[in-house]
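Reading through the structure tokens given below for one structure.
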Amino acid sequence: MLVESASGVEGTPAALLYQSCVRIGGVSLALRGASPREVCLSHELESFRHDCESPNIEVNVKWVEKLRFRRSNPAFDSGSLWTLSRDGSLSVFDFTSPSFGNYPYKRLHSDGDFCCAQLVLNGETLRNLNPVFPLEYPADELLITNYLAGHGLGVEVHGCGLIDAEVGGLLFLGHSGAGKSTTTKLWKSLRNPEILSDDRIILRLHNGELWMYGTPWHGEAAFASAATAKLSRIFILQHGERNEMVEMPRSRAVGEMFARCFPPFHSAAGLERTIEFLNRVTGVVPCYEFRFVPHRCALQAVLDFHDRRSG
Amino acid sequence: MIDENGSRDKKGYEQPKVIVISLRPEEAVLGHCKNAGGGGPGGHGCSHVGSCMNQGS
Chain L
120 MLVESASGVE GTPAALLYQS CVRIGGVSLA LRGASPREVC LSHELESFRH
170 DCESPNIEVN VKWVEKLRFR RSNPAFDSGS LWTLSRDGSL SVFDFTSPSF
220 GNYPYKRLHS DGDFCCAQLV LNGETLRNLN PVFPLEYPAD ELLITNYLAG
270 HGLGVEVHGC GLIDAEVGGL LFLGHSGAGK STTTKLWKSL RNPEILSDDR
320 IILRLHNGEL WMYGTPWHGE AAFASAATAK LSRIFILQHG ERNEMVEMPR
370 SRAVGEMFAR CFPPFHSAAG LERTIEFLNR VTGVVPCYEF RFVPHRCALQ
420 AVLDFHDRRS G
Chain C
3 MIDENGSRDK KGYEQPKVIV ISLRPEEAVL GHCKNAGGGG PGGHGCSHVG
53 SCMNQGS
């Protein structure tokens, strides 16, 4: 029997003997279920598997015969894979897919702090699938990013991050089409750095330093690593006629970074904490608009810039 | 900044400016697929379970 906890999300029943843990962006998440099938991790998440004795987020998995949409109006509609509704203090995410018709294939109930959640799988649509990855995107990303934003601990940004053996951590933010994949491929082919992600990076502050974390949610070049690196600056990619870096005023840097992050639009408090976090980031490292040409000379421009700043 | 005569440099007045920063809500909301073909974020989601109809981030 499942135990009702104070948060309203069902707590860990004794029958949930199996557990998989991941650590993404410094946030540990434990997935618990009654069988190995319920704690199966996708290929992307396997690289982020980690021991976690005291996880930040606990997610229990259970099956139901059928899931139907809730009667309440959605508080937020993502426009694609999920909708959010409220049940008291709980956030309830319904995940849908054209492959499975009109009903949710899974539902995530989370407490207000995103520390405790229950993932309900729809037997009608998923029972015959093997394997099933309960934490499959975007549920994993929603849990981690909402936890970070809700606690003011960090933010996920749209960018490629890499660790160059000589220069160290480099982060290039950009909208789709700004040149993230091109930049990643250029660096990979010419310098063979460790690529943390070619699309999504988590930023956190530790002891007055800015650190970036790789994520499993990669881009078209499919680079994903659980590594982390300290950052001394942030570049925002823009296509240009020539390579040049222009430092941004802090206020603009906050705005430009906000436009390239994944904030919880459904939460006023989460949005406020995201902007506060970005403001703190701009107090720690400078932010540059990097107008670049898609050529190896852009890489050299970054190296030269680093040398000038370090020298 | 204090110069050699001990007087503080005054920064010239700059009129406040309105800066337009373009948001792309279709990219900023989690859940969109990177590629229609199923790669990238939601690779499994697109091809296996959570098929995306929209391209985004």
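Protein sequences, first through last, are from chains L and C. Each residue of the first sequence is one higher than the last, beginning at 120 in the working numbering. Each residue of the second sequence is one higher than the last, beginning at 3 in the working numbering. Don't be surprised by glycine CBs; every beta carbon is placed ideally from N, CA and C.
Extent of the continuous beta strand (DSSP E) to which residue i belongs
| i | result |
| --- | --- |
| L/ASP170 | No beta strand (DSSP E) holds L/ASP170; DSSP gives it neither H nor E. |
| L/HIS325 | 319-325 |
| L/ARG226 | 225-229 |
| L/LYS181 | 176-183 |
| L/HIS277 | 273-283 |
| L/MET367 | From DSSP, L/MET367 is part of no beta strand (DSSP E); its letter is neither H nor E. |
| L/LEU164 | No beta strand (DSSP E) contains L/LEU164, which is instead part of the alpha helix (DSSP H) from 162-165. |
Neighbour-count burial assignment, residue i, 16 or more Cβ in a 10 Å radius
| i | result |
| --- | --- |
| L/CYS159 | buried |
| C/LEU93 | Given that chain C is displayed from residue 3 to residue 59, the structure contains no residue 93 of chain C and the question cannot be resolved. |
| L/ALA388 | exposed |
| L/PRO217 | exposed |
| L/PRO174 | buried |
| L/LYS299 | buried |
| L/GLY327 | exposed |
| L/GLY280 | buried |
| L/VAL183 | exposed |
| C/VAL22 | exposed |
| L/SER191 | exposed |
| L/HIS325 | exposed |
| L/HIS414 | exposed |
| L/PRO223 | buried |
| L/GLU255 | buried |
Per DSSP, cross-strand counterpart(s) of residue i
| i | result |
| --- | --- |
| L/PHE411 | L/HIS358 |
| L/GLU328 | L/HIS325 |
| L/THR215 | L/THR215 is not bridged to any residue. |
| L/GLN138 | L/ARG151 |
| L/GLN237 | L/ASN179, L/HIS228 |
| L/ARG205 | L/SER210 |
| L/PRO349 | The amino acid at residue 349 of chain L is misidentified as Pro; the sequence shows Lys. Paired residues: L/TRP330. |
| L/ALA343 | L/SER316 |
| L/VAL146 | L/ILE143 |
| L/CYS380 | L/VAL276 |
| L/PHE195 | L/LEU203 |
| L/CYS406 | L/ILE353 |
Rounded C-alpha distance that separates residue i from residue j
| i | j | result |
| --- | --- | --- |
| L/ILE320 | C/PRO18 | 32 Å |
| L/VAL87 | L/GLN237 | This structure cannot settle anything about residue 87 of chain L, because the visible part of chain L is limited to 120 through 430. |
| L/THR334 | L/VAL412 | 27 Å |
| L/LEU150 | L/GLY278 | 28 Å |
| L/GLY359 | L/PRO312 | 24 Å |
| L/ILE394 | L/ASN247 | 43 Å |
| L/PRO382 | L/LEU261 | 10 Å |
| L/CYS406 | L/PRO368 | 8 Å |
| L/HIS270 | L/LEU290 | 23 Å |
| L/LEU418 | L/GLU339 | 20 Å |
| L/ILE355 | L/LEU292 | 5 Å |
| L/PRO250 | L/ARG156 | 7 Å |
| L/CYS171 | L/GLY231 | 22 Å |
| C/ALA30 | L/GLU366 | 24 Å |
| L/ARG361 | L/THR301 | 16 Å |
| L/GLU177 | L/LYS307 | 36 Å |
| L/VAL146 | L/CYS235 | 13 Å |
| L/MET376 | L/GLU275 | 10 Å |
| L/ALA284 | L/LEU227 | 41 Å |
| L/PRO257 | L/THR264 | 10 Å |
| L/MET200 | L/MET331 | The question names Met, but residue 200 of chain L is Leu in the sequence shown. If I take the Cα positions, the gap works out to 27 Å. |
| L/LEU148 | L/ARG399 | 26 Å |
| L/VAL180 | L/LEU164 | 17 Å |
| L/GLY287 | L/VAL421 | 12 Å |
| L/SER139 | L/LEU203 | 26 Å |
| L/ASP423 | L/ASN241 | 55 Å |
| L/PHE219 | L/PHE167 | 28 Å |
| L/ASP213 | L/PRO253 | 13 Å |
Chain-ordered neighbours of residue i on chain L, where CB pairs are closer than 9 Å
| i | result |
| --- | --- |
| C/GLY33 | SER197, GLY198, SER199, LEU200, TRP201, PHE214, TYR256, PRO257, GLU260, LEU261 |
Amino acids of chain C, ordered along the chain, whose beta-carbon sits closer than 8 Å to that of residue i
| i | result |
| --- | --- |
| L/GLY374 | ILE21, ILE23 |
| L/PRO382 | ALA30 |
| L/ALA378 | ILE23, SER24, LEU25, ARG26, ALA30 |
Proximal chain C residues relative to residue i, where beta-carbon distance stays under 9 Å
| i | result |
| --- | --- |
| L/HIS270 | Simply none; closest approach about 17 Å. |
| L/HIS294 | SER24, ARG26, GLU29, SER59 |
Per-residue contacts from residue i into chain C (C-beta, under 7 Å)
| i | result |
| --- | --- |
| L/ARG371 | ILE21 |
| L/THR264 | LEU32 |
Residue interval of the alpha helix (DSSP H) (run including residue i)
| i | result |
| --- | --- |
| L/LEU267 | 258-269 |
| L/GLY287 | Looking at the DSSP string, L/GLY287 is not in any alpha helix (DSSP H); the run it does join, the beta strand (DSSP E), is 287-292. |
| L/LEU397 | 387-403 |
| L/TRP306 | 299-310 |
| L/GLY242 | 242-245 |
| L/PRO335 | L/PRO335 -> no alpha helix (DSSP H), and no H or E assigned at all. |
| C/GLU28 | 27-30 |
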